[in-house]
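Here's the structure we're looking at; comments come further down.
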Amino acid sequence: MTRMDDTGSAPRSTSAAAWAAPDAMQYRVVGADLEVQALREELAGLRHALSTHPVIDMARGVIMATASCTPDQAWQVLVSVSQHTNIKLREIAQRIVESVAGDPPAEPIRAALRSALSALPDHHRE
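Structure representation (structure tokens):
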């Protein structure tokens with residue numbers, strides 16, 4: 012059931028109420044609403060990054076151990092595989108990590124991994 016205000020109509024949103032306020036107040040309320048929305052989006056992105064960071068780090072470690080490469084080179088391998096397979100980097104990382112104790116990644120990912128690893132300069136490997 013919708014609660015009615017004093018006029019008998021449904022209550023207005025904060026933004027709708029802001030439009031009935033003086034111009035200066037309108038700008039402040041709308042600006043605050045936009046800032047809150049931007050902060051919510053940033054928070055969601057940060058939470059997502061925190062949840063995917065460990066698996067990406069593990070995949071980098073797997074690549075570093077198997078290819079004797081640097082952390083930066085392992086990152087570039089992940090980026091390259093992601094770009095060439097059109098699969099999100101976190102998905103590539105997840106599949107690499109899962110392959111340590113299970114089935115290998117699908118052939119397109121393995122082919123892109125071989126290509127990216129063969130492109131690493133031998134003289135820069137650790």
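Sequence positions in the sequence shown follow our numbering and run 12 to 137.
We treat Cβ as the ideally placed atom computed from N, Cα and C, and that holds for glycine.
In this text, all values refer to a predicted model and were calculated from it rather than measured experimentally.
Given residue i, which residues of its chain have a CB within under 6 Å of its CB, disregarding the five upstream and five downstream residues?
{"i": "histidine 135", "result": "No answer about histidine 135 holds up, because its pLDDT of 49 lies below 50 and its placement is not dependable."}
{"i": "aspartate 68", "result": "none"}
{"i": "methionine 75", "result": "Ala85"}
{"i": "histidine 95", "result": "Ala123"}
{"i": "methionine 15", "result": "Low local confidence applies: a pLDDT of 47 at methionine 15 is under 50, so the model's placement there is unreliable, with the coordinate-based value given in what follows. Cβ neighbours of methionine 15 beyond the five flanking positions: none."}
If you compare alpha carbons, which of the options is closest to residue i?
{"i": "serine 126", "options": "Ala112, Arg58, Val111 and Ala85", "result": "Ala85"}
{"i": "alanine 60", "options": "Ala78, Arg101 and Pro132", "result": "Arg101"}
{"i": "proline 132", "options": "Leu57, Gly113 and Thr81", "result": "Thr81"}
{"i": "valine 66", "options": "Gln105, Asp114, Ile74 and Asn97", "result": "Gln105"}
On the DSSP letters alone, give me the boundaries of the alpha helix (DSSP H) that residue i sits inside.
{"i": "serine 126", "result": "118-129"}
Counting only the same chain and skipping the five closest in sequence on each side, list residues whose C-beta sits under 7 Å from that of residue i.
{"i": "valine 92", "result": "Ile103, Ile120, Ala123, Leu124 and Ala127"}
{"i": "valine 108", "result": "Val66, Met69, Ala70 and Val73"}
So, with DSSP's three-state summary, where would you put residue i?
{"i": "threonine 190", "result": "Only positions 12 to 137 of the chain appear in this structure, which leaves residue 190 out of reach."}
{"i": "threonine 77", "result": "helix"}
{"i": "aspartate 114", "result": "coil"}
{"i": "proline 33", "result": "coil"}
{"i": "isoleucine 98", "result": "coil"}
{"i": "arginine 106", "result": "helix"}
{"i": "proline 132", "result": "coil"}
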